[in-house]
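Note that our numbering has the sequence shown beginning at 21, numbered continuously upward.
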Amino acid sequence: MEIRPEEFLTFAEWFGPAIKYFIIAVPVLTFLAIFGCFLVSAARRGPVEGFYAVATVIATAIGKDLPAASLRRTLAIARLTVKESIRRRVIVSFVIFALIFLFAGWFLDRKSDDPAHLYLSFVLTTTTYLAIVLALFLSTASIPADIKSRTIYTIVTKPVRAGELVLGRIFGFVAVITVLLAVMGVISYFFVVRGMEHEHGVLPEGLAALAPVAEGDASPGWEGTTTMNSYHRHSWKVDDTGRGTTDKIMGHQHQVTRSQDADPSDPVAYEIGAPYGALVARVPIYGQMRFLDSEGNPTQKGISVGKEWEYRSYIEGRTLASAIWRFQGLSDRDYPEYLPLGLTLSVFRTYKGDIVTGVRGIIILKSTDPRNPIQCEPIGFISREYELQQLHIPRKLRMESADGASQREIDLFADLVHEGELDIIVRCDDAVQYFGMAQADLYIEAPDAPFGWNFAKGYIGIWLQMIIVVCLGVMFSTFLSTPVAILGTMFAVLLGFFGSFVQDLWTGKAWGGGPIEALIRLVNQDNVVTPLQFGNFELGVHIVKFMDKVYLTIVRALSGVLPDFSGLGRASEYVAYSFNYYDQLLARQCLTTFVYVTAIAIVGYFFMRTREVAA
Numbered sequence: 021m022e023i024r025p026e027e028f029l030t031f032a033e034w035f036g037p038a039i040k041y042f043i044i045a046v047p048v049l050t051f052l053a054i055f056g057c058f059l060v061s062a063a064r065r066g067p068v069e070g071f072y073a074v075a076t077v078i079a080t081a082i083g084k085d086l087p088a089a090s091l092r093r094t095l096a097i098a099r100l101t102v103k104e105s106i107r108r109r110v111i112v113s114f115v116i117f118a119l120i121f122l123f124a125g126w127f128l129d130r131k132s133d134d135p136a137h138l139y140l141s142f143v144l145t146t147t148t149y150l151a152i153v154l155a156l157f158l159s160t161a162s163i164p165a166d167i168k169s170r171t172i173y174t175i176v177t178k179p180v181r182a183g184e185l186v187l188g189r190i191f192g193f194v195a196v197i198t199v200l201l202a203v204m205g206v207i208s209y210f211f212v213v214r215g216m217e218h219e220h221g222v223l224p225e226g227l228a229a230l231a232p233v234a235e236g237d238a239s240p241g242w243e244g245t246t247t248m249n250s251y252h253r254h255s256w257k258v259d260d261t262g263r264g265t266t267d268k269i270m271g272h273q274h275q276v277t278r279s280q281d282a283d284p285s286d287p288v289a290y291e292i293g294a295p296y297g298a299l300v301a302r303v304p305i306y307g308q309m310r311f312l313d314s315e316g317n318p319t320q321k322g323i324s325v326g327k328e329w330e331y332r333s334y335i336e337g338r339t340l341a342s343a344i345w346r347f348q349g350l351s352d353r354d355y356p357e358y359l360p361l362g363l364t365l366s367v368f369r370t371y372k373g374d375i376v377t378g379v380r381g382i383i384i385l386k387s388t389d390p391r392n393p394i395q396c397e398p399i400g401f402i403s404r405e406y407e408l409q410q411l412h413i414p415r416k417l418r419m420e421s422a423d424g425a426s427q428r429e430i431d432l433f434a435d436l437v438h439e440g441e442l443d444i445i446v447r448c449d450d451a452v453q454y455f456g457m458a459q460a461d462l463y464i465e466a467p468d469a470p471f472g473w474n475f476a477k478g479y480i481g482i483w484l485q486m487i488i489v490v491c492l493g494v495m496f497s498t499f500l501s502t503p504v505a506i507l508g509t510m511f512a513v514l515l516g517f518f519g520s521f522v523q524d525l526w527t528g529k530a531w532g533g534g535p536i537e538a539l540i541r542l543v544n545q546d547n548v549v550t551p552l553q554f555g556n557f558e559l560g561v562h563i564v565k566f567m568d569k570v571y572l573t574i575v576r577a578l579s580g581v582l583p584d585f586s587g588l589g590r591a592s593e594y595v596a597y598s599f600n601y602y603d604q605l606l607a608r609q610c611l612t613t614f615v616y617v618t619a620i621a622i623v624g625y626f627f628m629r630t631r632e633v634a635a
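This is the structure:
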């Protein structure tokens, strides 16, 4: 999973620049909005009357509507909205959701190497898309339907103010979708948990005593294999007390216990427990990353091996090229026995080599003390591409001398950790092979967070997206008909999801050009990396690129104002990849959502206020 650079920031580190941007953006956008309204009003009524009309609306909003706003009337509109939503058969969306889950087991690949990720990504993605469609159609149809049926005439003459009407609609739709999401979340949780449950027995043919450590000693335990179930089986070992675990297959393990006083050679004496380790919420502790080149000199990043995805940088094997992570805040109280590391590597092979064994690598732990920069001897490992490696670094290590010879025994925390800091160096140990790494690819594992709460945070992320979709739908419906409001809301949501792609198109980082150039390439079946050509008509190329640049500039400006839906949906990705979604990230998303909801509601109020529905 790709971790974005801004997600490494704490809430305090994020809040400072964010509040500065907010303080600058709000006055600028407010001025542009007022000036735009003045231009529209001046075009219709003349500059004097236009200025007077805009000033009157603003003065009425601040001096009259805001002080006279009533929570009771707002909640009454919200209750009415809930009843209308029920009459529109919102339950149909829930029935569709239930049917999808009822037959999902027929189509999900039970042979997947990571079934937990498959189940989690399925339920979260399905819920997200279904909830977006529901919020879209509910929120955009209410006010236009009231205007068409003239029901709104009896409402605005009560009097119910425009702000109360807009907020009431938003509160009502949010209440309906909140209840539906809560029910969907409970069903999804039990669907995932039930989908991961399975049982194993002990295979009699594989049961055998472990070889003794020394000749004449008793067997230290027993080993065997489990029966096949859910398209996999495990190997297992138990010690002389009759307790042990299976190996890790498909992301999970099982506890193995033997009944006391039972015959160890009897398969019935062994019990294979429920699976564990698949539905988890890992809590990674990340460090600051830097690179050394093949000569050992500091460099900004590793080398490029020609892959289009530039998330990872690569280091060359059998050289001094290294990826170094500096961790802070380490204490022996947190890791009394060993230092648990999580490692995810990408491997680039210049030749096939031993494709089964994998590329070798080494890990070196080094002190950050400038007066005593000692390091341990290299710890070897075999890379497992596309798979998480969990390494346990023992407390007792051997120090490496300047000539490479192993010296005295050292303690990880007493000798290497300096003022809570530690450098961990990773190198590739096979010549002309390459390791690809990013900052999030090596981390220290803290105790896992509760999976249930992490799963709930995934649904909270979906809920935040739905709130903004509802607000956008209500806002567009205050001045557009239902079909046009649906299109406007869809455009805003899609632009929120693909804002970073628009940014890459505008800067030229993404290949293919703008929409006009892309259409021309599609018709001509041109490759995206070839220069755009119109034969000898160079002016045509410049015209197309200029028009695309203007369009992308406008769309980029809009994407900078609209909420980042891809960021709001990051909680689902964290949950699906079994990582804890930090509470600080969730707090940032909640605060961002609150700001957008407030801004969109204000815009919706002014659109509703200026619409002559009861003339």
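Glycine included, C-beta positions come from ideal geometry on N, C-alpha and C.
- Our two residues, TRP483 and SER90, have alpha carbons roughly 26 Å apart in a direct line.
- Here the stretch 129-143 makes contact with the stretch 261-271; the two share three or more CB pairs at distances below 8 Å.
- As computed with DSSP, PRO360 is found in a beta bridge with HIS412.
- Under the three-state reduction of DSSP output, ARG108 falls in the coil class, being neither helix nor strand.
- If you draw a straight line from the Cα of VAL196 to the Cα of MET457, it is about 44 Å long.
- If the five residues before and after SER314 are omitted, its C-beta is found closer than 7 Å to the C-beta atoms of GLU336, THR339, LEU340 and ALA341, all from its own chain and listed in chain order.
- Per DSSP, the continuous alpha helix (DSSP H) segment holding TYR616 begins and ends at 603-629.
- Less than 8 Å separates the beta-carbon of VAL522 from that of LEU572.
- In terms of Cβ geometry, VAL74 and CYS57 form a close pair [threshold 8 Å].
- Sequence-distant Cβ neighbours of MET495 in its own chain, meaning closer than 6 Å and more than five residues away, are ILE620, VAL623 and GLY624.
- Annotation for SER61: the continuous alpha helix (DSSP H) segment containing it runs 31-65.
- Between the C-alpha atoms of GLU27 and LEU605 there is a straight-line separation of about 7 Å.
- Under the rule that a run must span 4 or more residues, no alpha helix (DSSP H) segment is found entirely inside the stretch 321-365.
- Here DSSP, grouped into helix, strand and coil, assigns SER90 to coil.
- Secondary structure at TYR371: coil, using DSSP grouped into helix, strand and coil.
- Note that the stretch 278-296 does not touch the stretch 304-323; fewer than 3 beta-carbon pairs, one per stretch, sit closer than 8 Å.
- Taking C-alpha positions only, PRO360 is separated from LEU201 by approximately 36 Å.
- Between the alpha carbons of VAL276 and VAL300 lies a distance of about 20 Å.
- Nearest Cα to ASP166 within the set THR370, GLY221, HIS562 and ILE97: ILE97.
- Taking a cut-off of 8 Å on C-beta distances, the stretch 144-162 touches the stretch 496-506, as three or more cross pairs fall below it.
- Restricting attention to TYR358, PRO164, ASP546 and PHE127, the CA atom closest to the CA of PRO467 is found in TYR358.
- Counting along the chain, ASP568 sits inside the alpha helix (DSSP H) bounded by residues 558-581.
- Scanning its chain for C-beta atoms nearer than 7 Å, with the 5 sequence neighbours on each side dropped, one finds around GLY183 the residues ASP85, ALA89 and TYR625, in chain order.
- Note that the C-beta distance between THR246 and THR261 is not below 8 Å.
- The residue from GLY519, GLY349 and ALA469 with its alpha-carbon nearest to that of HIS438 is GLY349.
- A direct Cα-Cα distance of roughly 50 Å separates VAL213 from ALA53.
- At a Cβ-Cβ threshold of 8 Å, LEU128 and GLY478 do not count as neighbours.
- C-alpha of PHE42 to C-alpha of PHE191: approximately 25 Å in a straight line.
- For ARG418, the three-state secondary structure derived from DSSP is strand.
- Membership of ASP524 in the alpha helix (DSSP H) is indicated by the continuous run 519-527.
- Taking C-alpha positions only, ALA591 is separated from GLY481 by approximately 6 Å.
- By DSSP's assignment, TYR139 forms no beta bridge with any residue.
- In this structure VAL617 touches ILE487 by the C-beta definition: roughly 6 Å separates them, less than 8 Å.
- Counted as a single uninterrupted DSSP element, the alpha helix (DSSP H) harbouring GLY493 occupies residues 471-497.
- Nearest C-alpha to GLN308 among GLN395, ARG130 and GLU441: GLU441.
- For ILE540, the enclosing alpha helix (DSSP H) covers residues 535-544.
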